[in-house]
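J.: Read in my numbering, the sequence shown has 635 at position 206, and its numbers run on one by one without any break.
Note that CB positions come from ideal geometry on N, CA and C, so glycine has one too.
Structure below; questions to follow.
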Amino acid sequence: MTDIARRQNDLRKMLIAAKVVPVLTIERVSDAVPLARALVAGGVRTLEITLRTAAAIEAAKAVMAEVPDAIVGIGTVLSAADFAQAEKLGARFTVSPGATPALLETAAKSDMPLLPGVASASDIMQARDHGFDTLKFFPAEQAGGRAMLRAWAGPFPDLRVCPTGGITEANAAEWLSEPSVLAVGGSWICQASYIKAADWAGITAMCVRTMKSLSPG
Ligand code: 3PG
């Protein structure tokens with residue numbers, strides 16, 4: 430197995446274990462640790478902290494230092510420079526909304542896994558050319574939904590994805606039941622209104638409910 434195949438395999442295992450990956454947009458560094466603790470308390474340990482706010486890097490550092498049970502990844506990685514920043518932080522994985530050759534080339538040489546975003550057959554082919562077959566389907570609902578995923582299974586039987594974009598409490602279980610879906614991601618599990626209100630118990634309750642709905646039996 431090549432290094433990249435091994436890293437992609439590790440990422441698959443991480444996503445299967447996670448089932449759900451919250452996409453976190455943290456505006457205030459002081460929210461980061463209580464938010465991460467609330468998610469972990471609800472059984473959601475694998476967290477994507479997006480580089481969408483000025484607070485993101487300090488927030489990720491705080492969670493890594495103070496919430497040892499959280500598995501912290503960095504999302505909204507748009508460039509090789511963002512990837513290098515996440516690597517320096519010691520993130521466990523990275524996520525990007527799309528996949529440029531520059532980003533894929535950088536990530537292919539690193540020990541830190543990348544989950545690159547795809548929304549078309551050409552995107553998937555480009556990612557595969559660089560050794561990536563574990564991908565983020567983004568924006569999943571808007572780009573064609575589960576019907577699109579099933580159509581991809583013909584030419585790309587080995588494709589495995591984490592869909593994000595339009596995943597909700599109502600459709601998460603349907604998405605997760607697709608054979609090519611390893612985990613589902615999104616912001617519904619950590620809504621901005623809850624974070625703003627510091628409603629940590631509400632976030633834990635949402636996680637518990639979601640994990641229960643995604644567990645067979
Ligand atoms: C992402 O970057 O994955 C999306 O912003 C998450 O989409 P959602 O807000 O529709 O869950």
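Can residue 486 and residue 507 be called in contact, C-beta distance under 8 Å?
T.: no
J.: Which residues does DSSP list as the beta-bridge partners of residue 500?
T.: 475
J.: Less than 7 Å separating the Cβ of residue 471 from some heavy atom of the ligand 3PG?
T.: no
J.: Flag this pair as yes or no: are the beta carbons of residue 455 and residue 478 separated by less than 8 Å?
T.: yes
J.: Which two residues bound the contiguous beta strand (DSSP E) that contains residue 453?
T.: Note, residue 453: beta strand (DSSP E), 449-453.
J.: Can you check which of these residues, 467, 625 and 639, is closest to residue 602 by C-alpha distance?
T.: 639
J.: How many angstroms separate the CA atom of residue 450 from the CA atom of residue 635?
T.: C-alpha of residue 450 to C-alpha of residue 635: approximately 13 Å in a straight line.
J.: Is residue 615 helix, strand or coil when you go by DSSP?
T.: strand
J.: Near the ligand 3PG, which residues have their beta-carbon less than 6 Å from any of its heavy atoms, given in chain order?
T.: 452, 526, 567, 593, 594, 595, 596, 614, 615, 616 and 617
J.: Indicate the three-state DSSP secondary structure (helix, strand or coil) for residue 441 in the structure shown.
T.: helix
J.: Using beta-carbon positions only, say whether residue 439 and residue 542 come within less than 8 Å of one another.
T.: The Cβ atoms of residue 439 and residue 542 lie closer than 8 Å to each other.
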